[in-house]
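Engineer: Structure incoming, see below.
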Amino acid sequence: MFDQHHASTPNSLKHCLIVDDSPTVRKVAARILRGLEIEVEEAPDGQSALETCRVRMPQSILLDWNMPVMTGIEFLRNLRRMDGGLKPKVIMCTTQTDVEHVKEAFDAGADEYIMKPFDAEILSAKVLRCFEGVAAVAQD
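Residues in the sequence shown are numbered from 2 upward in steps of one, following my numbering.
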């Protein structure tokens, strides 16, 4: 139960899964990422995102915290236990700004943390930084 939108070839190293229960947030984030020539897939909750990852593991994931069915943190913990689940760079994108939530996200395996509402410049910088690491690994 996910929306799939391809902006490049299926084998692209720039492949991001956007996981957010807000269609508006997914649409805005997808538009920003497609502008960076990043292939985008979307999922409305953590359970749908896990199903997507079982079919094709993305290189990066933009992940909301508060969602129905399965929260972002629950998804992240499950992802990191999956075969290949340590590879994606995960950017938590949430309104949770207190130190405890930030620490919990990093303890669960998040690589980056940005606050909502995000702007295009910050999101672009964080996502591109994640892909720099992916490109370096792919070249080794």
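Glycine is no exception: its CB is placed at the ideal position from the N, C-alpha and C atoms.
Given that a residue counts as buried once 16 or more other Cβ atoms are within 10 Å of its Cβ, and exposed if not, what is R57?
Structural biologist: So R57 ends up on the exposed side.
Engineer: Mapping the DSSP letters down to three states, classify I39 as helix, strand or coil.
Structural biologist: Of the three classes helix, strand and coil, the one that applies to I39 here is coil, per DSSP.
Engineer: How far does the alpha helix (DSSP H) with S49 in it reach, from first residue to last?
Structural biologist: G47 to V56 is the span of the alpha helix (DSSP H), which, as asked, contains S49.
Engineer: For L87 versus V20, is the C-beta spacing smaller than 8 angstroms?
Structural biologist: No, the pair does not count as a contact, with Cβ atoms beyond the cut-off.
Engineer: Does the pairing of the stretch 39-51 with the stretch 107-116 give three or more beta-carbon distances under 8 angstroms?
Structural biologist: Contact between the stretch 39-51 and the stretch 107-116 is absent, because fewer than three Cβ pairs lie under 8 angstroms.
Engineer: By a C-beta neighbour count over all protein chains shown, 10 Å radius and 16 as the cutoff for buried, is E52 buried or exposed?
Structural biologist: Flag for E52 reads exposed.
Engineer: Give every residue of the same chain whose Cβ lies closer than 6 angstroms to the Cβ of T96, excluding the five residues on either side of it in the sequence, and list them in chain order.
Structural biologist: Excluding sequence neighbours, T96 sits near K117.
Engineer: If you measure between the beta carbons of C54 and V128, is that distance less than 8 angstroms?
Structural biologist: Cβ atoms of C54 and V128: not closer than 8 angstroms.
Engineer: Determine the DSSP secondary structure at T25, reduced to helix, strand or coil.
Structural biologist: Helix, per DSSP.
Engineer: Keeping to the same chain, check which residues put their C-beta closer than 6 angstroms to that of W66; ignore five residues upstream and five downstream.
Structural biologist: Same-chain partners within the cutoff: G73, T95 and Q97.
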